[in-house]
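Taking it in order: structure first as structure tokens, then the write-up.
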Amino acid sequence: MAASSVPAATGIHDAADDVHGWHFDTRDFSMLFHSGAFDVNDWLLFDSEVLHRDGKQYSFETKVYARSGVRLANSMQTCIERNGCY
Numbered sequence: 009m010a011a012s013s014v015p016a017a018t019g020i021h022d023a024a025d026d027v028h029g030w031h032f033d034t035r036d037f038s039m040l041f042h043s044g045a046f047d048v049n050d051w052l053l054f055d056s057e058v059l060h061r062d063g064k065q066y067s068f069e070t071k072v073y074a075r076s077g078v079r080l081a082n083s084m085q086t087c088i089e090r091n092g093c094y
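Quick note on this note's numbering: the sequence shown kicks off at 9 and runs consecutively.
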């Protein structure tokens, strides 16, 4: 089983942020891959949850699963809310 860590300080912005009225600035992002090669065009389940909230700072974990149920990756992201949620 291959594993790698891809840490990056990124400014990820998703179109869904505006749809739901959420505006976050990413402070830290890392991803750990549990599986070797997989087809990103295949069906994938992204299971996300807020692990911690401290004022306007949030920590999210996302688990990525293949159709077979095999966990492909985990990601952790720390964000700071900006301009409120509306």
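Idealized CB from N, CA, C, for every residue including glycine.
| query | Can you list, in chain order, the residues of its chain whose CB lies under 6 Å from that of methionine 84, leaving out five sequence neighbours each side? | reply | Ser38 and Glu69
| query | Does the Cβ of phenylalanine 54 have 16 or more other Cβ atoms within 10 Å, making it buried, or fewer, making it exposed? | reply | exposed
| task | Can you tell me which of Ser43, Arg35 and Ser67 puts its alpha carbon nearest to the alpha carbon of glycine 77? | result | Ser43
| said: In this structure, how does DSSP classify asparagine 82 when only helix, strand and coil are distinguished? | reply: strand
| request: Locate the beta strand (DSSP E) running through valine 48, then write down its first and last residues. | output: Counting along the chain, valine 48 falls outside any beta strand (DSSP E), and DSSP gives it neither H nor E.
| query | Among the residues of its own chain, which have a CB less than 7 Å from the CB of tryptophan 51, if the five just before and after it don't count? | reply | Arg75
| field | Spatially closest choice to cysteine 87 from Arg79, Ser67, Ser56 and Leu40, by CA coordinates | value | Ser67
| field | Continuous beta strand (DSSP E) stretch holding lysine 71: start and end | value | 65-74
| Straight-line gap, leucine 80 to serine 56 (C-alpha atoms, nearest Å) | 14 Å
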